[in-house]
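Scroll down for the structure; my scribbles are underneath it.
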Amino acid sequence: MKNSLNYFGQSKYWWIVLIAGILMVISGFCYFLWPTIGYAVSSQIFGWLLVLAGIVQLCVSSYNDRPKGWGWWLAGGIIDLFIGFMLVRSVILSEIVFPYFISIVFLFWGINAIFSAVDRRSHRYWWIYLINGILMLIIGFFFLEAGYIQDMMMTSWLTSLAFIYWGFSISMVSYEMRPRVK
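FYI, the numbering for the sequence shown is 51 to 232, going by the numbering used here.
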């Protein structure tokens, strides 16, 4: 068994990742409870949350004692910042490309979780990462389908689900990032 129990490594900034996850869950429930806020607002909120998540990922990957897997955090941060800034740049653009951009994000994080599961397969709960990766890939493919058929209702429902699910996923990862007391 490996000494490291965490694919993403440990960081003293784990609580920032937890805060980003909690904000995503709260936003998902708010959107689910008040769907009349509209499609444009949800794409803008998601864009700003992606900007926040991208900044957090870049911070985690750039401090002196980089955690194991810091390259995934760096790549994810760059992708999230790019997609987030594209979404907040223009409301019209964000409404048109929202499902596709979010699909890219979920496909990336789904692949990342599957690689994490493969890396952790000698540990007891490696299969949780595998299930998480598969679910994120499915959500990503649903967003692709919603964009292709231009189904705003499906995209709205998927958006609230994505906020909630992704927030819980990020929160679970943050607890594993906590430095262990020896």
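For glycine and all other residues, C-beta sits at the position ideal for the given N, C-alpha and C.
According to DSSP, is residue i helix, strand or coil?
{"i": "residue 228", "result": "coil"}
{"i": "residue 84", "result": "coil"}
{"i": "residue 139", "result": "helix"}
{"i": "residue 55", "result": "Annotation note: pLDDT 42 at residue 55 (below 50); position unreliable, coordinate value reported separately. DSSP places residue 55 in coil when its eight states are reduced to three."}
{"i": "residue 210", "result": "helix"}
{"i": "residue 179", "result": "helix"}
{"i": "residue 162", "result": "helix"}
{"i": "residue 150", "result": "helix"}
{"i": "residue 113", "result": "coil"}
{"i": "residue 119", "result": "coil"}
{"i": "residue 221", "result": "helix"}
{"i": "residue 63", "result": "coil"}
{"i": "residue 144", "result": "helix"}
{"i": "residue 172", "result": "coil"}
Looking only at C-alpha atoms, which of the options sits nearest to residue i?
{"i": "residue 214", "options": "225, 70 and 173", "result": "70"}
{"i": "residue 129", "options": "107, 114, 115 and 146", "result": "107"}
{"i": "residue 78", "options": "225, 209, 220 and 229", "result": "209"}
{"i": "residue 76", "options": "61, 92, 171 and 64", "result": "92"}
{"i": "residue 212", "options": "82, 60 and 66", "result": "82"}
{"i": "residue 188", "options": "154, 96 and 61", "result": "154"}
{"i": "residue 207", "options": "178, 84 and 66", "result": "84"}
{"i": "residue 216", "options": "231, 158 and 171", "result": "158"}
{"i": "residue 186", "options": "174, 218, 203 and 204", "result": "218"}
{"i": "residue 97", "options": "231, 222, 141 and 122", "result": "141"}
{"i": "residue 143", "options": "94, 66 and 161", "result": "94"}
{"i": "residue 181", "options": "80, 160 and 127", "result": "160"}
Give every residue of the same chain whose Cβ lies closer than 7 Å to the Cβ of residue i, excluding the five residues on either side of it in the sequence, and list them in chain order.
{"i": "residue 151", "result": "133, 136 and 137"}
{"i": "residue 221", "result": "68, 71 and 72"}
If you drop the 5 nearest sequence neighbours on each side, which residues of the same chain put their C-beta closer than 8 Å to that of residue i?
{"i": "residue 124", "result": "107, 108, 111 and 112"}
{"i": "residue 229", "result": "60, 61, 62 and 64"}
{"i": "residue 131", "result": "100, 101, 104, 105 and 108"}
Less than 8 Å between the beta carbons of residue i and residue j, yes or no?
{"i": "residue 224", "j": "residue 68", "result": "yes"}
{"i": "residue 64", "j": "residue 227", "result": "yes"}
{"i": "residue 163", "j": "residue 183", "result": "yes"}
{"i": "residue 156", "j": "residue 205", "result": "no"}
Short of 6 Å in beta carbon distance, which residues of its chain neighbour residue i, apart from the five on each side in sequence? Order them along the chain.
{"i": "residue 176", "result": "167 and 170"}
{"i": "residue 126", "result": "107"}
{"i": "residue 174", "result": "none"}
Indicate, with yes or no, if the ligand SAH has a heavy atom lying under 7 Å from the CB of residue i.
{"i": "residue 228", "result": "Questions concerning the ligand SAH fall outside what the structure shown contains, since it holds no ligand whatsoever."}
Are three or more beta carbon pairs between the region 129 to 138 and the region 182 to 195 nearer than 8 Å? Taking a cut-off of 8 Å for Cβ pairs, the region 129 to 138 and the region 182 to 195 do not touch, as fewer than three such pairs fall below it.
Evaluate the contact criterion for the region 93 to 106 versus the region 114 to 122: three or more CB pairs, one atom per stretch, below 8 Å. As far as the Cβ criterion goes, the region 93 to 106 does not touch the region 114 to 122, which means the pair count is below three.
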